[in-house]
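Please read the structure below before turning to the comments.
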Amino acid sequence: MSTSTTGTLETALLDLDELQGEAVLAFESAASPEAVEAARVEYLGQKQGRLKAAQERLRTLPNQAKKSYGQRFNGVKQALEAACDAARARLARRTVGGDGIDVTLPGIAPRLGHRHPLSQTADELIDIFGRLGFAVARGPEVEDVHHNFDALNIPPVHPARDPLDNFFLPDGGMLRSQTSTIQVRVMESQPPPARVVAIGRVYRPDTVDATHSFMFHQIEGLFVAEGVTMGHLKSVLRLFAKSYLGEDVRIRFRPSFFPFTEPSVEIDMLWHGGRGWVEMGGAGMVDPNVFKAVGYDAERVTGFAFGLGIERLCMRRHGIDDIRLLYQNDVRFLDQF
Ligand code: DAH
Numbered sequence: 001m002s003t004s005t006t007g008t009l010e011t012a013l014l015d016l017d018e019l020q021g022e023a024v025l026a027f028e029s030a031a032s033p034e035a036v037e038a039a040r041v042e043y044l045g046q047k048q049g050r051l052k053a054a055q056e057r058l059r060t061l062p063n064q065a066k067k068s069y070g071q072r073f074n075g076v077k078q079a080l081e082a083a084c085d086a087a088r089a090r091l092a093r094r095t096v097g098g099d100g101i102d103v104t105l106p107g108i109a110p111r112l113g114h115r116h117p118l119s120q121t122a123d124e125l126i127d128i129f130g131r132l133g134f135a136v137a138r139g140p141e142v143e144d145v146h147h148n149f150d151a152l153n154i155p156p157v158h159p160a161r162d163p164l165d166n167f168f169l170p171d172g173g174m175l176r177s178q179t180s181t182i183q184v185r186v187m188e189s190q191p192p193p194a195r196v197v198a199i200g201r202v203y204r205p206d207t208v209d210a211t212h213s214f215m216f217h218q219i220e221g222l223f224v225a226e227g228v229t230m231g232h233l234k235s236v237l238r239l240f241a242k243s244y245l246g247e248d249v250r251i252r253f254r255p256s257f258f259p260f261t262e263p264s265v266e267i268d269m270l271w272h273g274g275r276g277w278v279e280m281g282g283a284g285m286v287d288p289n290v291f292k293a294v295g296y297d298a299e300r301v302t303g304f305a306f307g308l309g310i311e312r313l314c315m316r317r318h319g320i321d322d323i324r325l326l327y328q329n330d331v332r333f334l335d336q337f
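The sequence shown begins at 1 in this note's numbering and counts up by one.
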């Protein structure tokens, strides 16, 4: 073998080594089926592939060099084909449809939220009263004194108007302190009969503790038509209580006073799993002065109204003993409902 033949062979063998190194790396680092295919075309492609070029180089070598080169070439070819197969197998294990998504990894579970317990309670109340024929009414949270007090027969000197018990606004308006405002708005806007429930926030500057908040929710009911009696009021509230707290619930009325109802009662409920009689809200027969304020004929129609605390209903149902939990948005608490 001449020196020049040896030199040419050595260079050619080194080139084969380099080709193998480069190609194997390309297959091993291919992160997608497309990358494997690109590497296959570049190195193993029948027309322009670099292995093909290396094969053609055989013809240019001196005869004595052809055997060694051919043997090494075959080794390189096998290594490249094996690397290509391995890359394909690796990605096939990991992908579906060649989209590069690793379906064998554990999924990222999205954190699913749900309705807040107060919203769940509100939805349920609307549903129950809906089945009893009550439509949903709404009203503004920023109110005027007419709807919050005057039209509800609350006289100018009544303690409910105390500035320390209300959020009065500089313009003479106020944040409503009760949903009874909506009774007035409904009757002002339509002739009788009226049969509605209204759910919403009310505001009172109470010091926050386990049972008080400066903002809470009420549900207000109103039924006005010819011949509505207190018997209807009790029936509706009893049907409601059974749906919400269970068949074995008992309700009772205690005489009370509200300026906008006459007579007026406090509504107490007692149920299995509860802790004795619990006051849930107030009710009564709509006072004729309220009818006068909204232009209804008190000689022709009668009606009942009631107001219940949503927080209280929600807390009693779920055994929640601190109202503040309902406003803190702590998912460890909310997750339980
Ligand atoms: N508005 C009363 C309150 O906030 C609750 C209430 C009592 C509403 C009697 C009524 C009712 O509709 O008839 O304390």
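For glycine and all other residues, C-beta sits at the position ideal for the given N, C-alpha and C.
*Comparing alpha-carbon positions, which option in Leu152, Asp85, Asn74 lies nearest Asn289?*
Leu152
*Ser177 beta carbon less than 7 Å from that of Asn166*: yes
*How would you call Ile154, buried or exposed, if buried means at least 16 neighbouring beta carbons within 10 angstroms?*
buried
*asked:* For Lys242, which residues in the same chain have their Cβ closer than 7 Å to its Cβ, ignoring the five residues on either side in sequence?
replied: Val249
*When DSSP builds the beta bridges, which residues end up paired with Met315?*
Partner(s): none; Met315 has no beta bridge.
_Tell me whether Phe167, by its Cβ, gets closer than 6 Å to a heavy atom of ligand 1._
no
*Secondary structure, alpha helix (DSSP H): runs of 4+ residues fully inside the stretch 150-202*: 180-189
*What do you reckon, are the CB atoms on Ala39 and Phe27 nearer than 7 Å?*
yes
*Hey, would you say the C-beta of Ser256 is under 6 Å away from at least one heavy atom of ligand 1?*
Because no heavy atom of ligand 1 lies under 6 Å away, the Cβ of Ser256 does not count as near it: no.
*Bounding residues of the beta strand (DSSP E) (the contiguous stretch that carries Ala305)*: 302-309 is the extent of the beta strand (DSSP E) around Ala305.
_Taking 8 Å as the cut-off, does the stretch 128-142 touch the stretch 195-209 (at least 3 CB pairs, one atom from each stretch)?_
A contact between stretches requires three or more CB pairs, one per stretch, nearer than 8 Å, and the stretch 195-209 meets this requirement with the stretch 128-142.
*If Asp268 sits next to Met280, beta carbons under 8 Å apart, how far is it from one beta carbon to the other, in whole angstroms?*
Taking a contact as a CB-CB distance under 8 Å, the pair Asp268 and Met280 counts as one, their CB atoms being some 7 Å apart.
*Rounded C-beta distance between Gly303 and Val228? I'm assuming under 8 Å.*
Approximately 5 Å separates the beta-carbon atoms of Gly303 and Val228; this is inside 8 Å, confirming the contact.
*How close, in whole Å, do the beta carbons of Leu61 and Lys77 come, if the pair is a contact with beta carbons under 8 Å?*
That belief does not hold up - the Cβ atoms of Leu61 and Lys77 are roughly 17 Å apart, past 8 Å.
_Any heavy atom of ligand 1 inside 6 Å of the beta-carbon of Ser119?_
no
_Under 6 Å: does the beta carbon of Ser180 sit that close to some heavy atom of ligand 1?_
yes
*Are there 16 or more other CB atoms within 10 angstroms of the CB of Gly319, so buried, or fewer, so exposed?*
exposed
*Measuring CB to CB, does Ala346 end up less than 7 Å from Phe306?*
Past the boundaries of the shown model lies residue 346; the chain is included only from 1 to 337, so the question cannot be answered.
*So does Phe223 have its beta carbon nearer than 6 Å to some heavy atom of ligand 1?*
no
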